[in-house]
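Peer 1:
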Amino acid sequence: MPSAREALLDAAYTAVLTRPWTAVRMVEVAAAAGVSRQTLYNEFGGKDGLARALVRRETEAYLAGVERALGAGAPGAADGDAAARMAAAAAWTVRTARTNPLVRAALTGCRPDRLPTGRTAPAELVGRFRERAVAALAPGRPREELPALAAACEAAVRLTLSWVVAPALPDPVPDRAPGRGPGAVPRQRGPRRDAEAEAEAVARLVRGAFAGLAAGGPGEPGAVSAPSRTAAARPPRR
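Going by my numbering, the sequence shown opens with residue 3, and the numbers climb by one from there.
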């Protein structure tokens, strides 16, 4: 059975999904949670405190999911595995942002009046995503590869955030079904991709981009070039 605090947060989240935050009344939240209004005020101090606690809970749950996605592999694994782990974190981010308006608002800074406001700035939340990625993927790697890894994580996080801010357009479809005559009924344009489809799409992009950046190559900014990895093995010139 959830605590009174969790029950109140659950009730507040449900309320946010159905009406603007300005229209949410504390007495209704307390009643939905099965506690008194005084208990609500004892826990949060008021509506602003409830809003901050709700946003904090949802963003912390999102970051916990990022860590789970990044941890789905052995530390120090090959770049391909690291790319897959980063892709999983990207997919989790897009999926969560599509289904949780509070996480989306926290990541983008786009907070309509209907949503409660927290204290975490978008740059801070995105930075925590990036820091967790580097911390999860860095153990076991040579020190000279860490700058390239950090650059790859930065690029992957930015790519992921771009999908959160601007979802992909619907796949183009012909106006009429193939093989139909001129009198055929026009086909409806496909709807915007759902959360799962977008998550899979961004995962593929991040996997490819991250693998390329992490592998690096001579002359690539921030990458670990092949000469730097093999220089120690070369015999000295006479």
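From the three backbone atoms N, C-alpha and C, an ideal C-beta is built for every residue, glycine too.
Leaving aside the five residues before and after R116 along the sequence, list all residues of the same chain whose C-beta is less than 7 angstroms from its C-beta, in chain order.
Peer 2: P22 and W23
Peer 1: Here's a check: name, in chain order, each residue in its chain whose Cβ is nearer than 7 angstroms to the Cβ of W94, leaving out the five neighbours to either side.
Peer 2: G67, V68 and A71
Peer 1: Helix, strand or coil, according to DSSP, for L11 in the structure here?
Peer 2: helix
Peer 1: Which full runs of the alpha helix (DSSP H) of 4+ residues lie inside the region 93-174, going along the chain?
Peer 2: 103-110, 124-139 and 148-167
Peer 1: Can you give me the Cβ contacts of L151 inside the same chain, cut-off strictly under 7 angstroms, excluding the 5 residues immediately before and after it?
Peer 2: These residues qualify, in order along the chain: V136, L139, A140, R143 and A216.
Peer 1: If you draw a straight line from the C-alpha of R132 to the C-alpha of R54, how long is it?
Peer 2: Rounded to whole angstroms, R132 to R54 spans 23 angstroms at the Cα level.
Peer 1: Under the rule that 16 or more other beta-carbon atoms within 10 Å means buried, what is P4, buried or exposed?
Peer 2: exposed
Peer 1: Taking C-alpha atoms, which residue in A34, V204, V26 and E62 lies nearest to G48?
Peer 2: V26
Peer 1: Quick one: is T101 buried, meaning 16 or more other Cβ sit within 10 Å of its Cβ, or exposed?
Peer 2: Sixteen is the threshold: since fewer than 16 other Cβ atoms of the shown chains lie within 10 Å of the Cβ of T101, the residue is exposed.
Peer 1: On the three-state DSSP scale, how would you describe A39?
Peer 2: The residue you asked about is not Ala; residue 39 is Arg in the sequence shown. Reduced to three states, the DSSP call for R39 is helix.
Peer 1: Let me make sure I understand the geometry here. Which of A63, P103 and A35 has the alpha-carbon closest to that of T20?
Peer 2: P103
Peer 1: Taking A123 as the reference, which of A74, V167, T61 and D83 has the closest Cα?
Peer 2: Nearest to A123 by C-alpha distance, out of A74, V167, T61 and D83, is T61.
Peer 1: Tell me which residues share the same chain as M88 and place their Cβ nearer than 8 angstroms to its Cβ, disregarding the 5 neighbours each side in the sequence.
Peer 2: The residues are L72, A135, L139, A154, C155, A158, V208, R209 and F212.
Peer 1: Starting from G51, follow the alpha helix (DSSP H) in both directions and report where the run begins and ends.
Peer 2: K49 to L72 is the span of the alpha helix (DSSP H), which, as asked, contains G51.
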